[in-house]
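Colleague: In this text, residue positions in the sequence shown follow my numbering: the first is 26, and each later residue adds one.
Ideal Cβ positions, reconstructed from N, Cα and C, are used throughout, including at glycine.
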Amino acid sequence: MSTYTQIIYQIVFSTKNRERTLSKNNRDQLFKYISGLLNNKKCHLYVIGGVEDHIHILTHLHPSVSLSSLVKDIKISSCEYIKQSHLFTNFNGWQVGYGAFTYSIKEKQILIDYILNQEQHHFKKTFKNEYFDLLTEHGVLFEEKYLL
26 MSTYTQIIYQ IVFSTKNRER TLSKNNRDQL FKYISGLLNN KKCHLYVIGG
76 VEDHIHILTH LHPSVSLSSL VKDIKISSCE YIKQSHLFTN FNGWQVGYGA
126 FTYSIKEKQI LIDYILNQEQ HHFKKTFKNE YFDLLTEHGV LFEEKYLL
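Structural data, given as structure tokens:
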């Protein structure tokens, strides 16, 4: 019997100290690079988006790939890529942690639209507030002092 899964992950992480270093003009190059990483790991990317201080990745993980190893690989590899290609001036790396939230396939289009509209979304809400809302919506207990 083959292995079948249908779990969508929204992975969210920010730049170190939430520095606003991911300039709009080079974000697409970063997103294409991360897309290639996911493709190489046989993960299906639905969409990737973000703003100056964080990114969102909506993906389906291949059953042989663990979430923690995938995020680690994305962060390490993309950090090296950014620094070697001088993609973003003053980029100092990614934050230590990340958020990962699971969704039903039925929510896919709503999530795609949400991630594609990050620029407009963040006119109204800060990343901190967005992240608190995600944690709360998913019932994740957290201490605010570790998120600041």
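Would you mind reading off the limits of the beta strand (DSSP E) that contains Thr151?
Modeller: To locate residue 151, count along the sequence shown from 1; it is residue 126. Premise fails: Thr151 is in no beta strand (DSSP E) and is neither H nor E.
Colleague: In the region 96-139, which residue ranges form an unbroken beta strand (DSSP E) of at least 3 residues, counting only runs that do not cross its ends?
Modeller: With a minimum length of 3 residues, the continuous beta strand (DSSP E) runs that stay inside the region 96-139 are 124-128.
Colleague: Evaluate Glu155 with the Cβ neighbour count: other Cβ atoms within 10 Å of its Cβ, from every protein chain shown; 16 or more gives buried, anything less gives exposed.
Modeller: Taking the first residue of the sequence shown as position 1, residue 155 is located at position 130. Label assigned to Glu155: buried.
Colleague: Using DSSP with H/G/I as helix, E/B as strand and the rest coil, what is Ile80?
Modeller: Start at 1 with the first residue of the sequence shown, and residue 80 comes out as number 55. Ile80 falls in the strand class under three-state DSSP.
Colleague: State the DSSP-derived secondary structure class of Phe56, mapped to helix, strand or coil.
Modeller: On the sequence shown, residue 56 is found 31 positions in, with the first residue counted as 1. Helix, per DSSP.
Colleague: One question on the structure: do Val72 and Leu83 come within less than 7 Å of each other, judged by their Cβ atoms?
Modeller: Position 47 of the sequence shown, counting from 1, holds the residue named residue 72. Position 58 of the sequence shown, counting from 1, holds the residue named residue 83. Closer than 7 Å, so yes.
Colleague: If Asn117 and Lys41 are in contact, beta carbons under 8 Å, what's the gap, nearest whole angstrom?
Modeller: By one-based count along the sequence shown, residue 117 stands at place 92. By one-based count along the sequence shown, residue 41 stands at place 16. That belief holds up - the Cβ atoms of Asn117 and Lys41 are roughly 5 Å apart, short of 8 Å.
Colleague: In the DSSP assignment, find the beta strand (DSSP E) that holds Phe38 and state where it starts and stops.
Modeller: Numbered from its first residue, the sequence shown carries residue 38 at position 13. Ile33 to Ser39 is the span of the beta strand (DSSP E), which, as asked, contains Phe38.
Colleague: Nearest by alpha-carbon distance to His85: which of Gly124, Gln35, Asp53 and Leu159 is it?
Modeller: For the purposes of this step, residue 85 is identified with residue 60 of the sequence shown, where counting begins at 1. Minimum Cα distance to His85 is reached at Gln35.
Colleague: Do three or more CB pairs link the region 97-115 to the region 159-169 at distances below 8 Å?
Modeller: No, they do not touch.
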